[in-house]
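Protein chains in written order, with the working numbering: chain A, 2 to 211; chain B, 3 to 207.
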Amino acid sequence: MNESHLTAAKASMINCHTCHKLNQSQVSAGRQQVCSRCGTKLHSRKTNSLARAWALTLTAIILYIPANILPVMTLVSYGKSEPNTILSGVTHLIAARMYPIAILVFFASIVVPIIKLISITYLLVSVQKKSHWHPKERTIMYRVTEGIGRWSMLDIFVIAILAALVKLGAIATFEPGPGAIFFAGVVVSTILAAMSFDPRLIWDAMEEKR
Amino acid sequence: MPKAARPILIACHDCDFLCRLPPLRDGERAVCPRCKAVLYHKKANTLSRALIHSITALIFFGLANVFPFMTFKLQGREQVTFLTSGVIELCRQGFGELSFLILIVGVLFPFLKITGTLYVLLPLNFNRKLWKARETFKFVEAIAPWAMMEVFMLGVIVAYVKLTDLATIVLGASMYSFAAVIVFMTLTSAALNPTEIWERLEIAK
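The structure is reproduced here in structure tokens:
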């Protein structure tokens with residue numbers, strides 16, 4: 002089979018990212034071309050994909066530090082206050098022998114954000130180095146990264162529900178901590194980073210000479 | 003039923019590979035030969051099935067907002083919460099950003115996703131389109147990744163398990179309606195072929 006495949010970009014066509022209609026690319030200076038079917042602005046590749054994805058990934062990495070150091074929630078019960086970070090929340094669940102929930106929270110709050118940060122960073126570096134290594138696997142890696150991101154919101158929802166439920170004054174009151182805001186920041190910026198990354202760049206690098 | 007004109011040539015949204023779309027039977031999917039992304043999934047009666055499921059989802063969404071969500075009982079004291087109580091409580095405690103985020107991804111976007119889908123699909127079933135139908139469908143597709151009801155539900159389960167040895171938790175009718183919304187929204191997306199909706203929008207009056 003031929004080494005270089007025919008892509009829409011090479012055939013001077015643009016695939017609409019909203020409705021997936023193939024539009025003939027029109028070279029008209031200064032005018033933004035829109036999709037003939039749905040009216041979305043057409044871009045052959047996502048705009049400033051690498052710069053945006055890098056900025057959002059770096060933001061997430063910076064926010065990740067306070068998100069894990071600061072307490073995400075504090076349980077005040079009979080005058081005793083017990084602050085919890087994301088990690089100590091998981092160890093408490095293990096200590097309470099709630100293993101299935103502990104595994105669930107461990108994956109959603111610790112494994113998923115780390116995997117996302119590593120895989121987006123790797124994808125960005127590999128595209129910039131014009132890597133030819135396993136493009137199909139890297140595309141699958143991108144799809145997985147994009148798909149699992151939402152599940153990191155789990156802890157944020159748990160905090161909100163506990164804050165709403167447990168407010169019985171001195172007996173038991175539940176207070177969200179500042180770490181929760183940073184953690185929400187990590188989740189939102191990694192999701193946005195995955196959205197800004199354009200997997201077609203992986204394949205564009207394949208067309209260029211080694 | 004008018005037959006929508008199908009473009010023969012399609013490009014892969016993940017790798018830009020250009021290929022011809024073979025004729026597909028209901029339930030069959032076309033996969034990109036280069037990166038294995040699903041390019042087209044033909045679904046039987048996509049419009050009517052998606053429509054029925056989203057109407058059901060809307061009804062349960064209404065119920066989920068009316069009834070109590072959970073009741074927390076500890077030493078004779080009771081705390082009744084509703085679906086949006088978490089949002090209000092976080093806001094009251096000075097966590098405005100968090101409460102806004104949860105309002106959007108847990109309640110507002112799911113609601114807009116259901117109503118937006120209905121706004122487009124219901125008239126389209128009669129080959130009509132209402133004011134700004136294309137823009138609405140575009141908006142629905144754009145917010146879809148941010149509607150996280152199923153993650154919210156998992157959060158409820160985690161919170162429930164965490165509190166079971168601390169206090170008595172009674173699950174309310176809203177909780178079950180909420181679960182039903184998730185089921186019917188999932189069925190809607192399973193039945194919906196967005197490409198076919200775009201094709202129909204193109205020819206609808």
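Using N, Cα and C, we set each Cβ at its ideal position, and we do this for glycine too.
Remember, it's a predicted structure, so these values are computed and weren't measured experimentally.
### Query
What whole-angstrom Cβ distance do B/Ser50 and B/Thr190 have, given they're in contact under 8 Å?
The Cβ separation is near 12 Å, so there is no contact.
### Message
In this structure, how does DSSP classify A/Met196 when only helix, strand and coil are distinguished?
### Response
helix
### Query
Alpha carbon to alpha carbon, how far is B/Ala13 from A/Val35?
17 Å
### Task
Please name the residue in A/Leu155, A/Arg38, A/Arg144 whose C-alpha comes closest to that of A/Ser197.
A/Arg144
### Task
Kindly indicate if chain B contains any beta-carbon less than 8 Å away from that of A/Gly180.
no
### Message
Quick check on B/Phe128: buried or exposed, where buried means 16 or more other Cβ atoms within 10 Å of its Cβ?
### Response
exposed
### Task
May I ask you to list the residues that DSSP assigns as paired with A/Gln25?
A/Met14
### Message
Which of the three DSSP states is assigned to B/Phe19 in this structure?
### Response
strand
### Collapsed DSSP secondary structure at B/Ala66 in the structure displayed
helix
### Query
Within 8 Å (strictly less), CB to CB, does A/Ala220 reach chain B?
The shown model of chain A, from 2 to 211, leaves out residue 220 of chain A, and the question about it has no answer.
### Query
Would a check of beta-carbon distances place B/Ser176 closer than 8 Å to chain A?
no
### Query
Rounded to a whole number of angstroms, what is the C-alpha to C-alpha distance between B/Thr73 and A/Gly178?
24 Å
### Min CB distance B/Phe97 to chain A below 8 Å
yes
### Task
Would you give the residue range spanned by the beta strand (DSSP E) that A/Ser78 belongs to?
74-78
### Query
With C-beta atoms as the reference, is A/Leu94 less than 8 Å away from A/Ile111?
no
### Query
Does B/Gly78 get closer than 8 Å to chain A when you measure Cβ to Cβ?
no
### Message
Any beta carbon of chain B sitting closer than 8 Å to that of A/Trp204?
### Response
yes
#### Entry: chain B within 8 Å of A/His133, Cβ atoms only
no
### Task
Give the DSSP-derived three-state secondary structure of A/Lys137 in the structure shown.
helix
### Message
List, in chain order, every chain A residue whose beta-carbon is nearer than 9 Å to that of B/His15.
### Response
Asn16, His18, His21, Pro200, Arg201
### Message
Just checking: is the beta-carbon of A/Ala54 within a distance shorter than 8 Å of some beta-carbon in chain B?
### Response
no
### Task
Answer with yes or no whether the minimum CB distance from A/Ala96 to chain B is below 8 Å.
no
### Message
I'd like the span of the alpha helix (DSSP H) that includes A/Leu105, first residue to last.
### Response
100-107
### Query
If we call anything under 8 Å between Cβ atoms a contact, is B/Ala1 one with B/Asp28?
It is not possible to answer for residue 1 of chain B, since the shown part of chain B is limited to 3 through 207.
#### Entry: Closest by C-alpha distance to A/Met74, when choosing among B/Ala161, B/Phe186, B/Leu11
B/Ala161
### Query
Just checking, does the region 150-168 of chain A make contact with the region 25-40 of chain B on the three C-beta pairs under 8 Å criterion?
no
### Message
With the cut-off set at 8 Å, would you say A/Leu169 and B/Gln81 are in Cβ contact?
### Response
yes
### Task
Evaluate B/Pro24 with the Cβ neighbour count: other Cβ atoms within 10 Å of its Cβ, from every protein chain shown; 16 or more gives buried, anything less gives exposed.
exposed
### Query
With which residues is B/Thr170 paired in a DSSP beta bridge?
B/Lys75
### Query
In three-state terms, what does DSSP make of B/Arg130?
coil
### Message
At the 8 Å Cβ level, is A/Phe158 part of the contact set with chain B, yes or no?
### Response
yes
### Message
Quick check on the burial criterion: 16 or more other C-beta atoms within 10 angstroms. Buried or exposed for A/Trp152?
### Response
buried
### Any C-beta of chain B under 8 Å from that of A/Leu51
no
### Query
In whole angstroms, what separates the C-alpha of B/Tyr42 from that of B/Ala193?
13 Å
### Query
In terms of DSSP beta bridges, what is B/Ala13 paired with?
B/Leu20
### Task
Kindly identify the DSSP beta-bridge partner or partners of B/Phe186.
Beta-bridge pairing links B/Phe186 to no other residue.
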